[in-house]
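A.B. asks: Take this structure first; my questions come after.
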Amino acid sequence: MVSLVNKYYALLSGFTETPLQDARALLSYVLQSDALLVWRDLTHDEEQKMLSLIEKRKTGIPIAYLVGEKEFMSLPFFVNEHTLIPRPDTETLVEELIDLFKDKSPRILDLCCGTGCIGISLAHFIPQSNVTMLDVSPEALEIAEKNILRHHLSNRVRVKLSDVLKDEIEDKYDLIVSNPPYIETETLQTLDVSKHEPILALDGGSDGLNFYRVIIPKAAASLTPCGTLAFEIGYNQGQSVPALLSPYFKDVTLKQDLSGNDRVVIAQNPI
Ligand code: GLN
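Per this note's numbering, the sequence shown starts with residue 15, numbered consecutively.
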């Protein structure tokens, strides 16, 4: 008997770059268990659902949106079209911060939280931390709330609707972290990512630096003495973002992701 995955793989082949993984992911979603372990035929309803998902996948909709979740730091996160899909690159940022803070009890602020994958992973892996997550999108915050509940972190993680470009940061924090929109507006139009993921979460203005320019002075005023500011940056921002940080921060450190691209900047409050 041919496994079910192979049957649907054939339907996706030539339409996506990863037809086998996609077939397995969609089937596992429809069956609510690992498709490789299922050797029965689909029911009529399951078959209809599967064929409709395959048609959507062929139009380029990411798997994460079709199945409604994505793994990040080995934790599952709800996602939808109002949130960016968590990326492995962002794990570099989170891993660095876990190393720095794991034995401490930091008050953490995650700006532009989207799904909440950064703030929630930090809360999960830093047991004494307390996390506030802000986003400008009410729809994204709904997803972030669901993720907080999913990981049983309501006692230490909260969300707040706020536009970091306009609103002041309230309270003081030991760590401010952000993966803000950082793609140049013109470049964005040429990228596949902009076809399905929210432009609001990606567009960093004409030079991609709008959010860093606003966040840096606000963070400098809202960090505790020796507090830390940490950013994800674009592969081409390894000079521009540290240059924006240096008037306000000391020990500006650049880290690379697993592909060797500049991806993370960490800086210390000199006061
Ligand atoms: N913080 C979220 C993430 O890293 C969303 C980032 C964003 O919307 N720019 O996935």
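We put the CB at the ideal spot given by N, CA and C, even for glycine.
Model, not experiment: these values are computed from the prediction.
Buried or exposed for P33, please, with buried defined as at least 16 other CB atoms from any protein chain shown within 10 angstroms of its CB.
C.D. replies: Answer is buried; the Cβ neighbour count reaches 16.
A.B. asks: Tell me the residue span of the beta strand (DSSP E) that contains T32.
C.D. replies: Counting along the chain, T32 falls outside any beta strand (DSSP E), and DSSP gives it neither H nor E.
A.B. asks: Mind listing, in chain order, the continuous beta strand (DSSP E) runs of no fewer than 3 residues lying wholly within the region 180–259?
C.D. replies: You should have 187–192 and 237–246.
A.B. asks: Just how far apart, CA to CA, sit L40 and T57?
C.D. replies: Roughly 15 Å between the two C-alpha positions.
A.B. asks: Got a sec: does ligand 1 put a non-hydrogen atom nearer than 7 Å to the Cβ of C127?
C.D. replies: Yes, the beta carbon of C127 sits closer than 7 Å to at least one heavy atom of ligand 1.
A.B. asks: What separation, rounded to the nearest whole angstrom, lies between the Cα atoms of Y23 and G128?
C.D. replies: Their backbone Cα atoms lie some 32 Å apart in a straight line.
A.B. asks: According to the neighbour-count rule (16 or more other Cβ atoms, all chains shown, within 10 Å of its Cβ), is L67 buried or exposed?
C.D. replies: Buried, since its Cβ has 16 or more Cβ neighbours within 10 Å.
A.B. asks: How big is the Cα-Cα spacing for T30 and E95?
C.D. replies: Roughly 19 Å separates the two Cα atoms.
A.B. asks: Check whether the Cβ atoms of M87 and S135 lie closer than 8 Å to each other.
C.D. replies: A contact, by the Cβ cut-off of 8 Å.
A.B. asks: Could you compute how far the alpha carbon of A244 sits from the alpha carbon of I112?
C.D. replies: Computed Cα separation, rounded: 12 Å.
A.B. asks: Does the region 207–217 come within contact of the region 255–266, defined as at least 3 CB pairs closer than 8 Å?
C.D. replies: They do not touch, by the three-pair rule.
A.B. asks: Nearest to K21 by CA position, among A78, D55 and Y79, is which residue?
C.D. replies: Nearest option by C-alpha distance: D55.
A.B. asks: Is T97 buried or exposed, if buried means 16 or more other CB atoms sit within 10 Å of its CB?
C.D. replies: Buried, since its Cβ has 16 or more Cβ neighbours within 10 Å.
A.B. asks: Measuring CB to CB, does L155 end up less than 8 Å from L125?
C.D. replies: The answer is no: Cβ separation not under 8 Å.
A.B. asks: What residues are listed by DSSP as bridge partners for A281?
C.D. replies: Beta-bridge pairing links A281 to L243.
A.B. asks: Could you compute how far the alpha carbon of M15 sits from the alpha carbon of W53?
C.D. replies: Per-residue confidence for M15 stands at a pLDDT of 47, beneath the threshold of 50, marking its modelled position as unreliable; the derived number appears in the next sentence. About 8 Å.
A.B. asks: Less than 7 Å between the CB of T146 and some heavy atom of ligand 1, yes or no?
C.D. replies: Incorrect: T146 has no Cβ contact closer than 7 Å to ligand 1.
A.B. asks: Which residue marks the beginning of the alpha helix (DSSP H) containing N20, and which one marks its end?
C.D. replies: Looking at the DSSP string, the run of the alpha helix (DSSP H) that includes N20 is L18 to L26.
A.B. asks: Going by the beta-carbon positions, is the gap between S254 and L216 smaller than 8 Å?
C.D. replies: No.
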